[in-house]
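*Asks:*
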Amino acid sequence: MVRCPAHNDNTASLKVSDGKEGKLLVHCHAGCEPLTVIDAIKARGLWPDAGPHHRPRSAGGTATIANDNLGSQRGGKAKQGGGKIVATYDYFDHITGELLMQVVRYEPKGFSQRRPDPDRPNEWARTVPAECRTLYNAARAYNAKGVVLIVEGEKDVDNLAEIGIVATCNPGGAEKWQDNYNEILRDKDVVLVPDNDAPGAKHANKVGAALLGIAKSIRILHLPGLPEKGDISDWLAVEDNDKDALLELIDRAPDWAPPVAPAKSVDVEAIINRQEVATESDFPFLCLGYNKGSYYYLPRETQQVVELSAGAHTKNNLLSLADLSFWASNFDTGKRGAFDVDAAMNAMMRACAKKGIFSMELLRGRGAWWDDGRIVLHCGDRAYVDRTPHAPSAVKSRFVYEVGLPMRAAIDKPLTVNEAKLYLDHIQRMPFARDLDAVMMAGWTVCAHIGGVLNWRPHIWLVGAKGTGKSYVMDRVVKPLFGPEHCLAVASSTTEAGLRQSLGSDAVPVLFDEAEGQDQTAVARIQRILETVRQSSSETGAKIAKGTTTGAALSFQIRSCFMFASINASIVQQSDRSRITVVELKADRQRYNLEQFNRFGQFLADDEYAQRYQARAIALAPVIRHNAEIFSMVAAAKLGEQRAGDQYGALLAGAYSLSSDSKVTVEQAEAWLAQFDLAEDKAEVESMSDEQACLQHILQQVVKGADMSLGKRDLTVGELIDYAMNEVPGDGELSNALCAQRALGRVGLRLDNTGDGLLIANNSDGLKRLLANTPWSTNWNKVLKRLPGAKAADVTYFGFSGSESRAAWVPLPRH
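Position 499 of the sequence shown, counting from 1, maps to 1248 under our numbering, and the rest follow consecutively.
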C-alpha cells in the first residue's frame, strides 16, 4: 500500500496488484478514479509504456504494519499459526481515509480480521469491534454518482474496479451486514448482486431490508449462467462478459422487494385488523408505520413507542414487543421455544408498510391536549378523554399517547367563578408596574395548564430589580398552582438540549428561574433556549431540525408555555418580543408587607385549591380556546399586529376565565379590554420591526476609550452623534465634534454633511464588534435599508486609510 499520487494526503491508500493477463491494477481506497490515478503515475514517469508487466506479490501481502503471522479465520473459528498470506484487503474510513481494519486471506483458504493496535504502534490487534468495521471501498461508494454494486467479497470489488464499476462489500461475508454501514449508501442507487447460493440470497434480502428507505433505489441482479455458489468474479471470467454486458444487465435489473416469508403464509391485512380490535393477550403490540428505514411499534405492555431499523428486528427485540408464546404460536418452526424470526420480521415490516408513514411528531406525552374536538388529559399512567379514564395506548386517535411518569389527575370539583377570582384578586395585589401586567401574569397561569389545547401558547417574562418580590411571586404565587408533577422547574444553567430531553413529548409548563445572562456563554445559552421557545408558540409553527450522529435529521416541536424570571429580560430578537410578554414588578408599587401577602394568599397553601384550579382550566379549555380567538382579533385591531394580538388574546382569555365561565362576544371583549391603557403596548409593537431594533441597538452601544478633548471617555454611539452634530468647542487641541467624528469613523459610522442622516458602512470590523452575537452581525446593511427613507450610498470614506466602504444612509431620529 502506497500513497496515491492523484490526491494530496499522507495516507497510504493506493493498492497496486496483478490483474488478469498480466495487467497492472490500481485501486485507490480514498475514491480516486483508476484513469486519474494512472495519469498521475504517468506524469511521474513511472507507468510502463507497453507490454505485459507483472508485479510479484510478497509473502506478507500488501500490509505495511509488522507482525503479519496472526493466524487465519474461517467460519468464525481462528486457526492459530494458519497458512501463507496471499492477500490483504484494507478498510478505510469513508470520510477521513483512516485505516480502520484489514481482512487477511490465507492459503489454504481462510480469512481473519485485524486492525491497527491503538496501544502498540506498528502492531495489529486481533479483535475488530463493531464500531471499527466499515464497508470495503467505502470512500468510492460514498462518493459515487452512479450505481453502487453490493457484492459478497473483496475480490469481487477489486475485479469490478478493474473495469471501472464501483462496488462494495461488508467484512465477514454473507449475513454480516451492520446498521452503521447504511449511512454510507444513503441516497445511492444500489444494485444487489448475490452469490448463487442460499446464503447469498439471504444476505441480499438482509441488506435490501436494511437499506429500505435509506438508499435512493434498490435493485437486484441475478447473474445469468452462474454455477452453484458462483459469484460475479466467476461471471466476469467468462468470455464476452465485460463491462458493457454487465451495464446492460444492470439497466434491466428489477427493483428489489422483500421476500414473502416461507415458513407461513401471513395475511398482513388480517394482522392490522386484529390489532385494531385486539386485547393485549390476543395481539400485544400495534404496528404504527415506517419512516426512512425505521419501523415503529407500540407494545401494549410498556405502552412506549419502539423504533427498530430493519436489521434490528432480532429475536431479543421482538421479545421486547411480545412474549415467546405469541411468536411461537404465530410463527411456529416446529421446535420448542423457537419461532421463525425472518417470517415474523417480514410480517411486521409489511404491516408497517401498509400503515404508511409514521411521524414521531404524533407522539403525545403528559399534559392537556386538543384531539380533534376532544380534550385529552394525559396523566402519564392513564389518559382522560372528556373525563373518562383510559390506558394511554387505548385512546382511539390518530395521535399516540405514550406512558410516562404518573402525575395527579386534576379533573374533579373545578373552582367556581368566585373561588377562581380569589387568585386574580391576590395576584393583582402584587407590586406590578401596571394593572395589565398582573392580569397577563394571571392569564398565563391558566394557559400554562392547557398548553397542548391552545392554538397559540403564550410565554411570559417576570422582571424586577432586587427586592421587588420576583422570587416571592415565582415561589409563593405561581409555583403552588402546579406542583412538581405538573411543571418543569429549571434554573439558569439549563441548556436547550437538556430542556428538550427533559420535556420529551410532554406539554407541561416550564418555570425558568434566574434566567440571567451574566456572561457571553450564559447569553448564548439563553438565546438557544429562546429559539426553542419561539417555535413552541404556534401549533402550526416551523419545527426545529437537529442533526444526529447517523446523518439523519431529528425534528421536534415543544408544546409548553414558558415563564422566565430575572432582573432584566434577555430578549434580543424582535420575533421573540411578540411571543414573550414582559411583566414588571416595581418597589414603588408595593402596597402590602410580607405578612399581609402571606395572609391574603393563605388559600394557596392548600394543595386542593391548585388541583381545582387546574380542573377549572381543563373544564373550560374549549371556552378558553374560543375566547382566545375573540380576544386575539380585538387586541390585534388595537395593537396593529396579528402576532401581538395572538399573544395578548391567549393571556387575556386565560385571565377572563378567572371571572367568567362563558364564551365572550366581540363587544364584551372590547369592553373588558377597554379598562386597560394599551398606549405603551401599541408603541412597543410599532417599534418591534427588525430594522428599528438594529438601528436602536447600534445607537445604544458603548464605544470604549473615545479620545475626547478632555481625555478618554466611554460613550454610546448616540452620545457621540450628539457631540458630532453640536460644534461644542473642547478645552483641548481638538473640538469634541471632531473627536466624536473620528471615534464614529473607527466603528464604520459617519454623519452626512447635512446632519440629517447617518452613513453606516457595509463592511466594518468596528461595526462587527458592536453587532456581535446579534441577529444582524453579518447583514446589517440589508436590514437597515428597510428603514423608512433609508437608501444605498456610494463608497464613503470613514476617516482613515482602508476605511472606504459602500454604505447605507439612514435618517436619524429627531429629538
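All C-beta atoms in this analysis are idealised placements derived from N, C-alpha and C, irrespective of residue type, glycine included.
Grouping DSSP H, G and I as helix and E and B as strand, with all else coil, what is Ser-1254?
*Replies:* Coil.
*Asks:* Using CA atoms only, rank isn't needed, just tell me which of Asp-1004, Phe-1346, Asp-1430, Val-1372 is closest to Leu-1407.
*Replies:* Val-1372
*Asks:* Per DSSP, what kind of secondary structure is Thr-734 in: helix, strand or coil?
*Replies:* Any question about residue 734 goes unanswered here, given that the chain covers just 750 to 1564.
*Asks:* What does DSSP give as the partner residues of Ile-1509 in its beta bridges?
*Replies:* Leu-1498, Ala-1557
*Asks:* For Glu-1056, list the residues DSSP reports as bridge partners.
*Replies:* DSSP output for Glu-1056 lists Tyr-1045 as bridge partner(s).
*Asks:* Secondary structure at Val-1606, three-state DSSP: helix, strand or coil?
*Replies:* Beyond the ends of the chain as shown, which are 750 and 1564, falls residue 1606; an answer cannot be given.
*Asks:* What is the rounded straight-line gap between the Cα of Val-1188 and the Cα of Gln-1360?
*Replies:* 21 Å
*Asks:* Relative to the C-alpha of Ala-1393, which residue among Ser-1381, Phe-1349, Ser-1315, Gly-1403 is closest?
*Replies:* Ser-1381
*Asks:* In this structure, what does DSSP give as the bridge partners for His-1127?
*Replies:* Gly-1116, Ala-1132
*Asks:* Asp-905: buried (16+ other C-beta within 10 angstroms of its C-beta) or exposed?
*Replies:* A buried status is given to Asp-905, since no fewer than 16 other beta-carbon atoms sit within 10 Å of its beta-carbon.
*Asks:* Would DSSP call Gly-830 helix, strand or coil?
*Replies:* Low confidence applies here, because Gly-830 scores a pLDDT of 41, under 50, leaving its location unreliable and the question unanswered by this model.
*Asks:* Could you tell me how far apart the beta carbons of Val-1240 and Lys-1228 are, in whole angstroms, since I believe they sit closer than 8 Å?
*Replies:* Residue identity differs from the one stated: residue 1240 is Ala in this sequence, not Val. Not confirmed; about 13 Å, so no contact.
*Asks:* Would you list the residues sitting across from Gly-859 in a DSSP beta bridge?
*Replies:* Tyr-855
*Asks:* Below 6 Å CB to CB, which residues in the same chain sit around Phe-1107 once its five sequence neighbours on both sides are set aside?
*Replies:* If we look at Phe-1107 and ignore the five residues flanking it on each side, its Cβ neighbours are Leu-1037, Gly-1038, Asn-1040, Tyr-1045.
*Asks:* By Cβ distance below 6 Å, which residues in the same chain neighbour Arg-806 in space, the five residues on each side in sequence not counted?
*Replies:* The pLDDT assigned to Arg-806 is 30, lower than 50, so where the model puts this residue is not dependable; a value taken from the coordinates is nonetheless given after this. So the list is empty, once near-sequence residues are dropped.
*Asks:* Please report how far the alpha carbon of His-1198 lies from the alpha carbon of Tyr-1405, in whole angstroms.
*Replies:* 15 Å
*Asks:* Can you say whether Leu-1415 is buried or exposed, counting buried as having 16 or more other CB atoms within 10 angstroms of its CB?
*Replies:* In the sequence under discussion, the amino acid at residue 1415 is Val, which differs from the Leu named in the question. Counting of Cβ neighbours within 10 angstroms places Val-1415 among the exposed residues, the total staying below 16.
*Asks:* Just the C-alpha distance for Ala-1368 and Phe-1261, rounded to the nearest angstrom, thanks.
*Replies:* 27 Å
*Asks:* Whether or not the region 1215-1235 and the region 1441-1454 are in contact is what I'm after, with contact meaning three or more pairs of Cβ atoms, one per stretch, closer than 8 Å; do they touch?
*Replies:* no
*Asks:* How would you write the range of the alpha helix (DSSP H) that His-1446 sits in, first residue to last?
*Replies:* 1439-1449
*Asks:* What is the residue span of the beta strand (DSSP E) that Val-1331 lies within?
*Replies:* 1329-1334
*Asks:* List in chain order: all unbroken beta strand (DSSP E) runs of 3+ residues lying wholly within the region 1325-1375.
*Replies:* 1329-1334
*Asks:* Can you give the Cα-Cα distance for Ala-755 and Ile-790, rounded to whole angstroms?
*Replies:* 8 Å
*Asks:* Could you name the residues of the same chain whose beta carbon sits closer than 8 Å to that of Leu-1073, not counting the 5 residues immediately before and after it, in chain order?
*Replies:* Gly-1086, Phe-1088
*Asks:* In angstroms with no decimal places, state the Cα-to-Cα distance between Pro-1033 and Trp-1076.
*Replies:* 10 Å
*Asks:* Does the Cβ of Ala-1420 have 16 or more other Cβ atoms within 10 Å, making it buried, or fewer, making it exposed?
*Replies:* exposed
*Asks:* Compare the C-alpha of Arg-793 against each of Leu-1173, Cys-753, Arg-1462 and name the closest.
*Replies:* Cys-753
*Asks:* By how many angstroms is the C-alpha of Ala-1061 removed from the C-alpha of Ala-910?
*Replies:* 32 Å
*Asks:* Taking all protein chains shown into account, do 16 or more other C-beta atoms lie within 10 angstroms of the C-beta of Gln-1490, making it buried, or fewer, making it exposed?
*Replies:* buried
*Asks:* Hey, Ser-1146 and Asp-1120: beta-carbon distance below 8 Å or not?
*Replies:* yes
*Asks:* Taking just the CA atoms, how far does Cys-881 sit from Ser-821?
*Replies:* The pLDDT assigned to Ser-821 is 33, lower than 50, so where the model puts this residue is not dependable, and the model offers no usable value.
*Asks:* Is it right to say Asp-980 is buried, meaning 16 or more other beta carbons lie within 10 angstroms of its own, or is it exposed?
*Replies:* buried
*Asks:* With C-beta atoms as the reference, is Gly-1253 less than 8 Å away from Gly-1116?
*Replies:* no
*Asks:* Beta-carbon within less than 7 Å of Thr-1217's beta-carbon, same chain only, minus the 5 sequence neighbours each way: which residues are those?
*Replies:* Within the same chain, Thr-1217 has close Cβ partners Pro-1180, Leu-1334, Lys-1335, Ala-1336.
*Asks:* Give a yes or no on whether the C-beta atoms belonging to His-843 and Ala-893 are separated by under 8 Å.
*Replies:* no
*Asks:* Buried or exposed: where does Pro-920 fall if 16 or more other Cβ atoms within 10 Å of its Cβ makes it buried?
*Replies:* buried
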